[in-house]
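Heads up: the sequence shown runs through residues 12 to 227, numbered per this note's numbering.
Yeah, the Cβ is synthetic: ideal placement off N, Cα and C, and Gly gets one too.
In this text, all values refer to a predicted model and were calculated from it rather than measured experimentally.
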Amino acid sequence: MELTEYPRLNSISGEIHESGELGRLYGKPIQIFVSKFVIGQTIFNVVMSFLVPTIMFYLLFYHKAPHYWLSGNVLGPVLASPWCCSIGSLAFAPMGIPDALDKKWFYTVRNSDVSTLPWTLFPYLRFRIGIIRHLVLGTQVAVLAIPIMFIIIRFGFGEYLSANQQLFGGVTYIAILPIFVMPLGLLGFAVDANMSRVRKNVRGNIIQKALKSPIC
12 MELTEYPRLN
22 SISGEIHESG
32 ELGRLYGKPI
42 QIFVSKFVIG
52 QTIFNVVMSF
62 LVPTIMFYLL
72 FYHKAPHYWL
82 SGNVLGPVLA
92 SPWCCSIGSL
102 AFAPMGIPDA
112 LDKKWFYTVR
122 NSDVSTLPWT
132 LFPYLRFRIG
142 IIRHLVLGTQ
152 VAVLAIPIMF
162 IIIRFGFGEY
172 LSANQQLFGG
182 VTYIAILPIF
192 VMPLGLLGFA
202 VDANMSRVRK
212 NVRGNIIQKA
222 LKSPIC
């Protein structure tokens, strides 16, 4: 698969624009998944999803063991994590997309490339507002992740979890989620119609970018 670059013409003057770029670099969805920007964002979020919850779990839950497998200390993180991951990890990701595009670390995907199987199985791609897209993506991830995690907890750990089981089991679960959420979520930004929103909204100073990023 080759990346192709097509000039974008100004609808009035016919001149090439896009912030002085010669064109928009297009790629296939699979190329998005292995792009430098996606790999970097995924690694960063996996690391942060391991470090931050480790500290929080230790402070909040570690000294309250043992934990019943249906207690709030176990249920809460398992149920909430897919949505926390999709919203928290993706809300401000658009802030780095313009620079990634300039460096050719990220690409645009044509709408037609995600209008056939298997991409039609991911309805989150149809939504244009970022925060809604992230919520739908979190729901899709939750449908698979939550039952699997409950099976592991109940039949792998047992009815009661020790402090270490609750800590490292929960943290590992949370840290695995970005491996799926980040590539799929960033693909949502890469779709041509959504990329136009990113280019339009992610402008100005860092505060303006941060305020507009969640709706890209």
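Check: residue i C-beta below 6 angstroms from any heavy atom of the ligand NAP
i: L172; result: The model depicted lacks the ligand NAP and carries no ligand whatsoever.
Contact belief for residue i with residue j at Cβ below 8 angstroms, rounded distance in angstroms
i: V89; j: M193; result: Not confirmed; about 20 angstroms, so no contact.
i: P93; j: A153; result: 4 angstroms
i: Y40; j: W130; result: Here residue 40 turns out to be Pro, not Tyr, going by the sequence shown. Contact flag correct, Cβ pair sits at about 7 angstroms.
i: I108; j: V182; result: Actually they do not touch by this definition, with Cβ atoms about 29 angstroms apart.
Coil, strand or helix - residue i by DSSP
i: P214; result: Sequence check: residue 214 is Arg here, not Pro. Three-state DSSP puts R214 in coil, outside helix and strand.
i: L132; result: helix
i: L81; result: coil
i: T150; result: helix
i: Y37; result: strand
Buried versus exposed, by CB contacts within 10 Å (16 or more), residue i
i: L178; result: buried
i: Q219; result: exposed
i: V120; result: buried
i: L81; result: exposed
i: S126; result: exposed
i: P64; result: buried
i: Y79; result: exposed
i: R144; result: buried
(Q) Please give the ranges of any alpha helix (DSSP H) in the segment 46–78, keeping only runs that are unbroken, at least 4 residues long and fully inside the region. (A) 47–71
Q: Say whether the segment 130–149 touches the segment 194–208, bearing in mind that this needs 3 or more beta-carbon pairs closer than 8 angstroms, one atom from each stretch.
A: yes
Q: Starting from the N-terminal side, write out each stretch of the alpha helix (DSSP H) that is 4 residues or longer and does not extend beyond the segment 151–201.
A: 174–201
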